[in-house]
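Student:
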Amino acid sequence: MQASRNLAKTLRSVTLRQGAEDLLEQARRGLSSAGSLKEVLKEKIPAEQERVKALKKEHGRKVLGEVTVEQAIGGMRGIPAMLWETSLLDPEEGIRFRGHTIPELQAKLPAAKEGGEPLPEGLLFLLLTGELPTKEQAQAVTEELRARSALPAHTVALLKSLPKGTHPMTQLTQAVLSLQLDSKFAAAYTAGVHKSKYWEPALEDSLDLIAKLPEIAGIIYRNTYANGDLIEPDAQLDWAANLSHMMGHRSEGALELMRLYQTIHADHEGGNVSAHATHLVGSALSDPYLSFAAGMTGLAGPLHGLANQEVLRWIQMVTREIGEEPSQDQLREYVWATLKGGKVVPGFGHAVLRKTDPRYTCQREFAQKHLPDYPLFKLVSDLYEVVPDVLTQTGKVKNPWPNVDAHSGVLLQYYGITHENFYTVLFGVSRAIGVLSQLVWSRALGLPIERPKSLTVEAIIARAK
Ligand code: CMX
């Protein structure tokens, strides 16, 4: 009896292992056309694993920083307690993606046309591998994503069935969750894949998800604002341009803006809400779909990604209440009124940055090049002159300068993308590139489940004393 039970157990475990191997093989086959992307990544992983292992062994007990009571109850500002490889934020200089500033990326990443804005596919290659891609490598990523972009019928049906008025970010999150049915990571885990190989199905799911997001966003846009009159993807277009095309905005300017937009919103190191939420949920070995959905519900908050929608609403309120071309004095008064009403001025301030966000600056340069006489751009420029001064006068705002969200809406308006409650979806599509690249690395490096220590007020008082 015991012998036959053992035999059954052995057979079951052999079958599961076999299933796991089959799944990995499927994943490898699926990625074979990715060619260089996966090959470069695969080459990098062992050395990086060794580097992190050695770091832990040699310096594991060294102190990176201390934690004050203020930090524990103040949103953990500044506590260096997370590993994030894809980007690093300097308070004065702003973001660097794998060591490159935004202007450097504009100069070095492959573009759709000579001198144009970077292709986000190139950034995906850079974030995943740490290497700047050649034009051919970026193009291979475009093709890889195109091949993975078809949506399952149930996702399209789900989006169609949602009640009118469902916020586009809520629609996005539900669509992402509906894709989880096909998660290769979840299937591989269930089948018992060895943990050293988790990164492979994580990469598979991440590429699948990134590939499908433009069509999801296009459908949300057309269902919400164009009576469900959907536009088929165009196989000639790159990933970001296709997104704009499926929304119904096909001018050259709109396509270039979308490439820039999708590049600069991708990553902002690991501690911001959308990145950290994705990272945290992923650390429980929830698959990339579940993890990214968590990030998107965080991005939908008005202090984070939804600020780009709030900026546009606030600017529209300004023009409604004090006119299309208010003087700087009128603007100053309006900003004070907003603060006195107990509200934040959206698009200004940052938890880490202490200077103007370079993502703001590059959008400003785009506006100076393409829409210098647009009245709303003039208003945004005037706000740049007025708001930091007022915020500084409050005496409490640590960073009075504009962030990424202060500028993006006005550029989108210019190209006819006027429905501001859609803006955070565009942010979310881009954010997938950064947070999922890191998620692949987190699985490759075997990072453990996150579990920081929390304390009660009593416990903090006791420790403080
Ligand atoms: N308008 C009014 N008050 C602001 C402010 C702003 N733009 N920025 C900060 N403050 C206030 C804070 O609300 C806080 O007030 P209380 O002490 O009364 O609570 C005080 O100044 C100190 O805050 P801080 O340390 O300077 O900023 P935080 O790190 O706490 O918050 C952020 C950072 C971004 C949430 C905040 O600056 C803000 O609310 N900005 C407006 C919303 C926005 O643009 N968000 C997008 C950020 C970029 C992104 O994540 O996408």
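Under our numbering, think of the first position of the sequence shown as 5, with each following residue one higher. In this text, a Cβ means the ideal position worked out from N, Cα and C, and glycines have one as well. As the structure is a computational prediction, the values presented were derived from the model and not from experiment.
Since Asp-409 and Pro-350 should fall inside the 8 Å C-beta cutoff, what is the C-beta to C-beta distance between them, to a whole number of angstroms?
Tutor: Within the sequence shown, residue 409 is the residue found at index 405, counting from 1. Within the sequence shown, residue 350 is the residue found at index 346, counting from 1. So it is a contact: roughly 7 Å between Cβ atoms.
Student: My output table needs one value for His-423: the three-state DSSP class, helix, strand or coil.
Tutor: In the sequence shown, counting from the first residue as 1, residue 423 sits at position 419. His-423 falls in the coil class under three-state DSSP.
Student: Which complete alpha helix (DSSP H) runs does the stretch 100-181 hold, if anything under 4 residues is left out?
Tutor: Qualifying alpha helix (DSSP H) stretches, in chain order: 106-112, 124-133, 139-151 and 157-165.
Student: Starting from the Cα of Gly-79, find the closest Cα among Arg-467, Arg-65, Ser-458 and Gly-126 and give me that residue.
Tutor: One-based indexing of the sequence shown puts residue 79 at position 75. The shortest Cα separation from Gly-79 among Arg-467, Arg-65, Ser-458 and Gly-126 belongs to Ser-458.
Student: Could you give the residue range of the alpha helix (DSSP H) that holds Ser-40?
Tutor: Counted from its first residue, the sequence shown places residue 40 at position 36. From DSSP, the alpha helix (DSSP H) with Ser-40 extends over 40-63.
Student: Starting from Asp-94 and walking both ways along the beta strand (DSSP E), at which residues does that stretch end?
Tutor: The residue given as residue 94 occupies position 90 in the sequence shown. Unbroken beta strand (DSSP E) run through Asp-94: 91-94.
Student: How do the stretch 114-124 and the stretch 136-156 stand: do at least 3 beta-carbon pairs fall below 8 Å, yes or no?
Tutor: Result yes; three or more Cβ-Cβ pairs closer than 8 Å.
Student: For Met-250, count neighbouring Cβ atoms within 10 angstroms of its own Cβ and tell me buried if that reaches 16, exposed if not.
Tutor: Sequence index remark: in the sequence shown, residue 250 carries index 246 (1-based). Its Cβ being crowded by 16 or more others within 10 Å, Met-250 is buried.
Student: How many angstroms separate the CA atom of Leu-113 from the CA atom of Leu-136?
Tutor: Position 109 of the sequence shown, counting from 1, holds the residue named residue 113. Position 132 of the sequence shown, counting from 1, holds the residue named residue 136. Using only the alpha carbons, I get a separation of about 7 Å.
Student: Would you call the CB atoms of His-308 and Val-356 closer than 8 Å?
Tutor: For the purposes of this step, residue 308 is taken as residue 304 along the sequence shown, with counting starting at 1. For the purposes of this step, residue 356 is taken as residue 352 along the sequence shown, with counting starting at 1. No, they are not a contact pair.
Student: Classify Gly-98 as helix, strand or coil using the three-state DSSP reduction.
Tutor: Position 94 of the sequence shown, counting from 1, holds the residue named residue 98. Gly-98 falls in the strand class under three-state DSSP.
Student: Go through its chain and collect everything with a Cβ distance to Gly-232's Cβ below 8 Å, but skip five positions before and after it.
Tutor: Here residue 232 refers to the residue found at position 228 when the sequence shown is read from its first residue. Only Lys-164 and Arg-226 meet the Cβ criterion.
Student: Excluding the five sequence neighbours on either side, which residues of its own chain have a C-beta within less than 7 Å of the C-beta of Ala-31, listed in chain order?
Tutor: Sequence index remark: in the sequence shown, residue 31 carries index 27 (1-based). Any reading at Ala-31 needs caution, since the residue's pLDDT is 46, under 50, leaving its predicted position unreliable; the model's value is listed next. The residues are Lys-188, Glu-204, Pro-205 and Glu-208.
Student: Measuring only from the beta carbon, is Ala-311 closer than 7 Å to any heavy atom that is part of the ligand CMX?
Tutor: As a working note, residue 311 is residue 307 in the sequence shown. Flag set: Cβ of Ala-311 near the ligand CMX.
Student: Shorter than 7 Å, the distance from the beta carbon of His-280 to the closest heavy atom of the ligand CMX, or not?
Tutor: Counting from 1 along the sequence shown, the entry for residue 280 is found at position 276. It does not: the Cβ of His-280 is nowhere closer than 7 Å to a heavy atom of the ligand CMX.
Student: Can you tell me which of the three DSSP states Pro-404 falls into?
Tutor: Translated into positions along the sequence shown, residue 404 becomes position 400. DSSP places Pro-404 in coil when its eight states are reduced to three.
Student: Give me the Cα-Cα distance between Ser-36 and Lys-42, rounded to the nearest whole angstrom.
Tutor: On the sequence shown, residue 36 is found 32 positions in, with the first residue counted as 1. On the sequence shown, residue 42 is found 38 positions in, with the first residue counted as 1. Summary for Ser-36: the model assigns pLDDT 46, below 50, so the residue's position carries little reliability, and this model does not support an answer.
Student: What does a CB cutoff of less than 8 Å around Ser-434 pick up in its chain, not counting 5 residues either side in sequence?
Tutor: Taking the sequence shown and counting its residues from 1, the one referred to as residue 434 is at position 430. So the list reads Pro-124, Tyr-265, Gln-266, Thr-267, Ile-268, His-269 and Ala-270, once near-sequence residues are dropped.
Student: Quick one: what's Phe-352 bridged to in DSSP?
Tutor: In the sequence shown, counting from the first residue as 1, residue 352 sits at position 348. The partner list for Phe-352 (beta bridge, DSSP) reads Pro-406.
Student: If you reduce the DSSP assignment to three classes, tell me which class Val-67 lands in.
Tutor: As a working mapping, residue 67 is identified with position 63 in the sequence shown. In this structure, Val-67 counts as coil in the three-state DSSP scheme.
Student: Between which two residues does the alpha helix (DSSP H) containing Tyr-225 stretch?
Tutor: Locating residue 225 in the sequence shown gives position 221, where the first residue counts as 1. First-last of the alpha helix (DSSP H) with Tyr-225: 203-229.
Student: Tell me the DSSP secondary structure of Lys-359 in three-state form.
Tutor: Translated into the one-based positions of the sequence shown, residue 359 becomes position 355. Lys-359 falls in the coil class under three-state DSSP.
Student: Kindly list the residues whose CB is nearer than 7 Å to the CB of Val-315, restricted to its own chain and excluding five residues on each side of it in sequence; keep chain order.
Tutor: Sequence index remark: in the sequence shown, residue 315 carries index 311 (1-based). Within the same chain, Val-315 has close Cβ partners Pro-350, Gly-351, Asp-409, Ala-410 and Gly-413.
Student: Under three-state DSSP, which class holds Gly-346?
Tutor: Taking the first residue of the sequence shown as position 1, residue 346 is located at position 342. The answer is coil: DSSP assigns Gly-346 none of H, G, I, E or B.
Student: Any heavy atom of the ligand CMX inside 7 Å of the beta-carbon of Leu-343?
Tutor: Within the sequence shown, residue 343 is the residue found at index 339, counting from 1. The answer is yes for Leu-343.
Student: Check this for me: beta carbons of Ala-245 and Arg-263, under 8 Å apart or not?
Tutor: In the sequence shown, counting from the first residue as 1, residue 245 sits at position 241. In the sequence shown, counting from the first residue as 1, residue 263 sits at position 259. Yes, these two residues count as a Cβ contact at 8 Å.
Student: Would you tell me roughly how many angstroms separate the C-alpha atoms of Glu-424 and Gly-432, rounded to the nearest one?
Tutor: What you label residue 424 is simply residue 420 of the sequence shown in a count that begins at 1. What you label residue 432 is simply residue 428 of the sequence shown in a count that begins at 1. Taking the straight line joining both Cα atoms gives about 14 Å.
Student: What is the C-beta distance between Gly-299 and Ala-281, in whole angstroms, given that I count them as a contact (C-beta under 8 Å)?
Tutor: Residue numbering aside, residue 299 sits at position 295 when the sequence shown is read from its first letter. Residue numbering aside, residue 281 sits at position 277 when the sequence shown is read from its first letter. So it is a contact: roughly 5 Å between Cβ atoms.
Student: Can you give the beta carbon distance from Ser-91 to Arg-81, rounded, assuming they're within the 8 Å contact cut?
Tutor: If you number the sequence shown from 1, residue 91 lands on position 87. If you number the sequence shown from 1, residue 81 lands on position 77. With 8 Å as the limit, Ser-91 and Arg-81 do not qualify as a contact, their Cβ atoms being about 18 Å apart.
Student: Fully enclosed by the stretch 259-346, which alpha helix (DSSP H) runs are 4 residues long or longer?
Tutor: 277-287, 292-303, 311-326 and 332-344
Student: To the nearest angstrom, report how far apart Val-394 and Ser-331 are at their CA atoms.
Tutor: Within the sequence shown, residue 394 is the residue found at index 390, counting from 1. Within the sequence shown, residue 331 is the residue found at index 327, counting from 1. In a straight line, the C-alpha of Val-394 is about 15 Å away from that of Ser-331.
Student: Taking 7 Å as the cut-off, is the beta-carbon of His-423 closer than that to any non-hydrogen atom of the ligand CMX?
Tutor: Walking along the sequence shown from the start, residue 423 turns up at place 419. Outside the cutoff, so no.
Student: Find the nearest neighbour of Tyr-361 within the set Tyr-388, Leu-181 and Glu-89, judged by alpha-carbon distance.
Tutor: In the sequence shown, counting from the first residue as 1, residue 361 sits at position 357. In the sequence as presented, Tyr is not what sits at residue 361; that position holds Asp. Cα-wise, what sits closest to Asp-361 is Tyr-388.
Student: Taking Asp-291 and Gln-367 to be in contact with their CB atoms under 8 Å, please state how far apart those CB atoms are, rounded to whole angstroms.
Tutor: Counted from its first residue, the sequence shown places residue 291 at position 287. Counted from its first residue, the sequence shown places residue 367 at position 363. Asp-291 to Gln-367, Cβ: 34 Å. No contact.
Student: Can you find a heavy atom of the ligand FAD that lies under 7 Å from the Cβ of Pro-350?
Tutor: Among the ligands modelled here, namely the ligand CMX, the ligand FAD does not occur.
Student: Is Val-439 near the ligand CMX, judged by its Cβ being under 7 Å from some heavy atom?
Tutor: Translated into positions along the sequence shown, residue 439 becomes position 435. Result no, Cβ not under 7 Å from the ligand CMX.
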